Amino acid sequence: MVASGLAELVPDPDRGGGWTLLLDGAPQSHVDLDDPTYLEFEYVRRIAAAIDLVAPAGTPLRVLHLGGGALTLPRYVAATRPGSPQRVVEIDGPLVELVRSALPWDARAKIRVRVGDAREAVTGMRDEGYDVVVVDVFAGARTPAHLASAEFVREVARVLAPDGWMIANVADGPPLTYARTQVATIRSVLPQAALVADAAVLRGRRFGNLVVLAGRTPPPVDKLARRAAGDWFPGRVEIDLDRFSAGRPPATDVDAVASPTPPESLFSSRT
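Heads up: the sequence shown is residues 2 to 272, going by our numbering.
Put into structure tokens, the structure is as follows:
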């Protein structure tokens, strides 16, 4: 048991160094200890593609990961951008210790892990300290409400470099009320944005993950679209976010809500 529930590490039958972390039976992370550039989950590949495209290949980036899991993305960045200083904030201390002991990362990687609440941690950080902030935080299967408000996004924006990027994993299903509000909320602070997801998810036909790339400068839309189209499960890039948000106002600390609970059937087919 960890703070988040029952944790299980299941070996990947197709990859010798592969492991899936389950929390209460639901896939939470997948890592390949032999090849950290291998990314099993679709939404993780979309986040990684965004990280790949915001700076020249191999250039070290200062990356803050809010939400750690099995540290799939920190391992990926360490492998593809050696020398990148990275900080991970994960609220579940026992989970961190499990991952550290059972799925150790390269000791040469500049990865520091802090146990704590993501918003509280960001509030105490210095201005402009990061090039990328990845927001992928779940309590169980839901993103907490206090990480879904404009006030929280302002704190993320404060710790970003002027040309930095926030990359957020947003989970939602029909009719995409939460996702539309989150896009409006993020863009109220970081107006230059793009949304990447499976076409069926974007159309509100099924539950899934939508990845928001947002900053103060235009995102690399064409390159992002090519990467999304070439994925094992092709995705689409949406840039008409005024239309997508459908006039929804940004969420605040007063009215922000947690992300919706995903259907149980989602986890039986997650990739």
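C-beta: ideal position from N, C-alpha, C; glycine also. Remember, it's a predicted structure, so these values are computed and weren't measured experimentally.
- Query: How big is the Cα-Cα spacing for V184 and D107?
  - Reply: For the purposes of this step, residue 184 is taken as residue 183 along the sequence shown, with counting starting at 1. For the purposes of this step, residue 107 is taken as residue 106 along the sequence shown, with counting starting at 1. Their Cα atoms are separated by approximately 35 Å.
- Item | Check whether A194 and L214 have beta carbons under 8 Å apart | Looking up residue 194 in the sequence shown gives position 193. Looking up residue 214 in the sequence shown gives position 213. In this structure, L214 lies closer than 8 Å to A194 by Cβ.
- Taking buried to mean at least 16 other C-beta atoms within 10 Å of its own C-beta, is S270 buried or exposed? Counting from 1 along the sequence shown, the entry for residue 270 is found at position 269. At S270 the pLDDT is 44, less than 50, meaning the model places this residue with poor confidence and gives no usable figure here.
- Going by Cα to Cα distance, which pick from A247, I240, V55 and V222 is closest to P163? On the sequence shown, position 162 is the one that residue 163 refers to. Measuring from the Cα of P163, the nearest candidate turns out to be V55.
- Task: Spatial neighbours of G19 within its chain, please: CB distance less than 6 Å, with the 5 preceding and 5 following residues excluded, ordered by chain position.
- Result: Within the sequence shown, the letter at position 18 stands for residue 19. Same-chain partners within the cutoff: D13 and D33.
- Contact belief for L10 with A103 at Cβ below 8 Å, rounded distance in angstroms: Residue numbering aside, residue 10 sits at position 9 when the sequence shown is read from its first letter. Residue numbering aside, residue 103 sits at position 102 when the sequence shown is read from its first letter. The Cβ separation is near 6 Å, so the contact holds.
- Nearest-angstrom Cα distance between E91 and S5? Taking the sequence shown and counting its residues from 1, one reaches residue 91 at position 90. Taking the sequence shown and counting its residues from 1, one reaches residue 5 at position 4. Between the alpha carbons of E91 and S5 lies a gap of roughly 11 Å.
- DSSP bridge partner residues for R113 (one or two, in chain order): The count along the sequence shown starts at 1 and reaches residue 113 at position 112. R113 is bridged to R88.
- Which of helix, strand or coil does DSSP assign to D243? If you number the sequence shown from 1, residue 243 lands on position 242. Correct three-state label for D243: helix.
- Item | Check whether G94 and V116 have beta carbons under 8 Å apart | By one-based count along the sequence shown, residue 94 stands at place 93. By one-based count along the sequence shown, residue 116 stands at place 115. Closer than 8 Å, so yes.
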